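Report on the following structure.
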Amino acid sequence: MKPSLIILLILFSLSLVAQDPHNLWLQDVTPKSVSVTSPKNSPLIEMAKKELQTSWQGPENAQIKLSIVKNKLIRDDGFILLDNEIQATTEAGLLYGAFELLRLQKMGQTITTQIYNPSYQHRILNHWDNLNSSVERGYAGRSIFWKEDSLEVTDSDRQRWTEYARANASIGINGAAINNVNASPQVLQPEALQRVKAVADILREYGIKTYLSVNFASPSVIGGLDTADPLDPAVIKWWENKTKEIYDLIPDFGGFLVKANSEGQPGPQNFGRTHVDGANMLAKAVGKYDGIVMWRAFVYSPNDEDRAKQAYQEFVPFDGEFMDNVIIQVKNGPIDFQPREPFSPLFGAMKKTSVMPELQITKEYLGHEVHLVFLSSMWEEFLNLDTYQEGPGSSVAKTTDGSLFPQQHTAIAGVANTGRDDNWTGHLFNQANWYAYGRLAWNNQLSSDRIAEEWLKMTFRPGIKNDSVSQIEWDLNFLSPVKQMMLASHEAAVNYMTPLGLHHIMSADRHYGPGPWWGPEGVRSDWTPPYYHQAGDDGVGFDRTESGSNAVSQYAGPLSARFNDPETCPEAYLLWFHHLPWDYRLSSGRTLWEELCLHYAQGVNSARNFQEVWDAARPYVSAEPFSAVQRKLRAQAENAVVWKDACLLYFQQFSKMPVPDGLERPIHNLDDLIRADQESMMRRFRQRQRQQEGE
Ligand code: GCW
C-alpha cells in the first residue's frame, strides 16, 4: 500500500470514533469497577454514587466512602478529597466532590488530600428565555425551558432538563433563573408556575435552585391593582401572596432577579420610589423563606451624562441601605458586555452591600455562534483586575467573594448560551464558555490555561479509542495547539473588532458585524456607535478624563490617576478613556492610526491561523463536529476581514492617513459594506414587523 493511502485509512478510522457533542464535557467512558458506600441514602447521595459508578476511571475494584462530617473548614457545597473518601458537610458537597474526583481522573492527575471550597455561594445561570420560547441574544436555537405553544410538560422536556442539570452540577453551578430579565408578567400566572415547578423538581435532583426574573409591574399587569408602587400596602400584599404561592409549589425556590428602570422595563422610579424601596420590598417577601433578590445595576438613560457613569451614580448613594438578602448584580464592565472593558467602578465601591458580577456567556458582542472566542481569558482578566478600593490587591474577585467585605451573600451570574441545538450552544467551542463560567464561579482563581485543558481533555479525549493514539501524541498534536488557539482567541477578537479601547461600534441591534457609521437622526445617541468612538478630524476615542466626562473619578485614587493620563493609561483602554489625535504616538513609537491598523491586521492574521490549527486537528476529532467547526472558522476569518476593512475605511475618512506599508490593503469598499449592513437591518426590521402583525 502506498504510504499516503495508509495515512488516509488511519485518518478515516480515527475520525469514525464517536465524540457526541450533545454529551458536552461529559462524554461516555467505559467505567472501571468501584464500590461506593455512604452513611445514609438520599437523592443527592444516590446521584453522587451513580456518577462515580458510571464514570470511574481510577484503580479497578476501588472502594470509596462518602461521608458527611462536621468540619468548620469546609463551607457549604465544599468537600475534602482523601485517598478513598469524599468528606463534605452537605449532601451537595458530596456530589460536587464526586464530580471533581472524576475530573481529576480524566485529567490523569493523582489525588492529593485537599479542601475544595467554592468562591461564591450562589453560582447562577441567567437564561434570557422568553415564554414564547425565543431567546434574547440566543444563538443556539429555541429555549430549553419554554415552548412555542404550550405549557404542558413532556418526557422530552424532562429528559433535556435532567441533562442540563447534570452538566451544571458537574461544574458546580447551583442556580438557574429560567426566564428573561426583560420579564413577562405572565410567568407569575398559576399555569406558568406549574411549569416552573416541574423544572425546579428536576433541577433539585442535582442540587440546583430555580429562580425567576420578575416584572416590577406585575401587580398591576396581572394582579388587577391600579399601581405597582412598592410602598403601597396592596402591592406589598400582592407580592407576599405571590411569593407564598411560589414557595408552596417550590419550597427551595431561590428568589427573584429584577431588571428595573432599565431599557424601558418598569421599576420603582415609575412611582417616584428608589431602587432601595423596590428591592427591599421584594426582599422582605422572599426573606421569610430564605430567598434572595438579585437587583441589576444595568441602568442608563438618554441624558447628557456619560452612559459609563450612570450605574455608579444611581447605586453608590444607596450603599448600606439594601437588606441583607439583596445582591446588586453588576455587569463586568460599565457599558455592556463589550469585547473588552475596564471593570465597572461599582466593584469595591459598594462596601456595605452584597455585589455580584454578571458575565455574559452568550456572545452578543463577540461573534454569536460563529466566532470561536474562549471567554475564560476575558473573565480571568476581569476577576483579577485591581480595584485598589481597599489598597493594592483589592481584585474584583476579592470585592465580590467575601474576602474583603463581610457580605451576607456571595454570588455570580452568567447569561447562559444554551438552546435546543443538539450541541446545546451552537458552536462546539461555545460549550467551553459554559464550562469555564461554572469552573470560575466555583474557583475564581483558576487559570484559563487549566480550564481549557480540562475542557479539551474531557470533551475530545474520550472520543479517541484508548489504544489508537498515544497520550503523548494527542497532547502534542491536539491538546497543545488547540489550547493555544483557545487562549489566543479573545485577544484576536478584540484586535479585529475593537482594539485599543474602542467599544460599542457593532452593527446596530444585532451586534454582530461592524457598524461604526450608524447614527440616523432621531435615534437615541447612546445607542449609536459614533457616541462611543467620537471619531472626527481631530482624532478618535471617548474623553472620560477629568476634562472630559470625568468617569475616571469613579475609580479609586491610584487607578483614577493612571486612567486619566494617556501616558499611563493601559493601551488596552486608551480610547475608552481618551480622545486622541490620529498622529498621537504610542509607546511603540507608532502613531495611533498605525497602531490601529496593526491591531486590526493582527486580529485577522490570528483568525486565519486558527483555521490552520484546526485543520491539523482533523485526525483527533469526529468527522461531523470537525467540519462544523471548520466551516465556522472560515466564516470567522471572513468576518474578521470585514471588521478590519469596515473600521479602517470608515476611520480613514477622518485620519486621512494611508494604511502603513506591509499591511494588507482593504479588499472591500466602504459604501458596499454600509449598504449591506443597512439592507440586512431593513430585512430584520420587516421580519420583526411581520412577526408582530402575525401575533
Ligand atoms: O446587552 C443588552 C442587550 C439586551 C439585554 C440587556 C440587558 C436582556 O442588548 O438584549 O436585555 O443588555 O442586559 O438587560
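All letters in the sequence shown, in the order written, are residues -13 to 681 by this note's numbering. We treat Cβ as the ideally placed atom computed from N, Cα and C, and that holds for glycine. Owing to the predicted nature of the structure, the values given are computational and were not obtained by experimental measurement.
query                                                                                                                                                              : result
Rounded to whole angstroms, what is the Cα-Cα separation between residue 630 and residue 645?                                                                      : 11 Å
Going by DSSP in three states, residue 80 sits in which element: helix, strand or coil?                                                                            : helix
Take every Cβ of the segment 239 to 248, pair it with every Cβ of the segment 185 to 199, and state whether three or more of those distances are shorter than 8 Å. : yes
With respect to 7 Å, is the separation between the Cβ of residue 123 and the closest non-hydrogen atom of ligand 1 below this value?                               : yes
Using C-beta distances below 6 Å, list every residue in its chain close to residue 320, excluding the 5 sequence neighbours before and after it, in chain order.   : 294, 330
List the endpoints of the continuous alpha helix (DSSP H) containing residue 727.                                                                                  : What is shown of the chain runs -13 to 681, which leaves residue 727 out entirely.
For residue 292 and residue 328, what's the separation of their Cα atoms in angstroms?                                                                             : 15 Å
Return the residue from the list 335, 264, 37 that minimises the CA-CA distance to residue 299.                                                                    : 335
Excluding five sequence neighbours on each side, which residues of the same chain lie with their C-beta closer than 8 Å to the C-beta of residue 76?               : 54, 62, 63
Looking at ligand 1, does it come within less than 7 Å of residue 245, judged from the CB to the closest heavy atom?                                               : yes
Just checking: is the beta-carbon of residue 656 within a distance shorter than 8 Å of some beta-carbon in chain D?                                                : Among the chains in the structure shown there is no chain D, since it carries only a single protein chain.
Residue 671: buried (16+ other C-beta within 10 angstroms of its C-beta) or exposed?                                                                               : exposed
Tell me whether residue 99 is buried or exposed, calling it buried when 16 or more other Cβ atoms sit within 10 Å of its Cβ.                                       : exposed
Around the C-beta of residue 602, are 16 or more other C-beta atoms found within 10 angstroms, so that it is buried, or is it exposed?                             : exposed
Thinking just about the alpha-carbon of each residue, which of 317, 456, 447 is nearest to the one in residue 397?                                                 : 317
Sorted by chain position, which residues of the same chain lie with C-beta nearer than 6 Å to residue 215's C-beta, five sequence neighbours on each side aside?   : 221, 257
Report yes if the C-beta of residue 132 is less than 7 Å from at least one heavy atom of ligand 1; otherwise report no.                                            : no
Is it buried or exposed for residue 264, if we count other Cβ within 10 angstroms and need 16 for buried?                                                          : buried
Quick test of your reading: residue 193 and residue 81, contact by CB under 8 Å. State the CB separation rounded to the nearest angstrom.                          : 6 Å
If distances are taken between C-alpha atoms only, which option among 535, 348, 72, 326 comes closest to residue 123?                                              : 348
Is residue 507 buried or exposed, if buried means 16 or more other CB atoms sit within 10 Å of its CB?                                                             : exposed
When the distance is taken between beta carbons, is residue 427 closer than 8 Å to residue 361?                                                                    : no
Note down, in chain order, each residue of its chain lying with its Cβ closer than 6 Å to the Cβ of residue 424, except the 5 sequence neighbours on either side.  : 157, 158, 159
Excluding the 5 residues flanking residue 166 on each side, which residues of the same chain have their C-beta closer than 7 Å to its C-beta?                      : 114, 115, 116, 122, 199
Tell me the rounded alpha-carbon separation between residue 272 and residue 307.                                                                                   : 17 Å
Shorter than 7 Å, the distance from the beta carbon of residue 167 to the closest heavy atom of ligand 1, or not?                                                  : yes
Which residue wins for smallest C-alpha separation from residue 659, given the options 102, 539, 628?                                                              : 628
Rounded to whole angstroms, what is the Cα-Cα separation between residue 664 and residue 510?                                                                      : 18 Å
Along the alpha helix (DSSP H) that carries residue 684, what are the first and last residues, could you check?                                                    : In the structure as shown, the chain begins at -13 and stops at 681. Residue 684 is therefore absent and cannot be evaluated.
Are at least three pairs of beta-carbons, each pair with one atom in the segment 144 to 153 and one in the segment 364 to 382, less than 8 Å apart?                : no
Hey, would you say the C-beta of residue 350 is under 7 Å away from at least one heavy atom of ligand 1?                                                           : yes
Between which two residues does the alpha helix (DSSP H) holding residue 225 run?                                                                                  : 219 to 235
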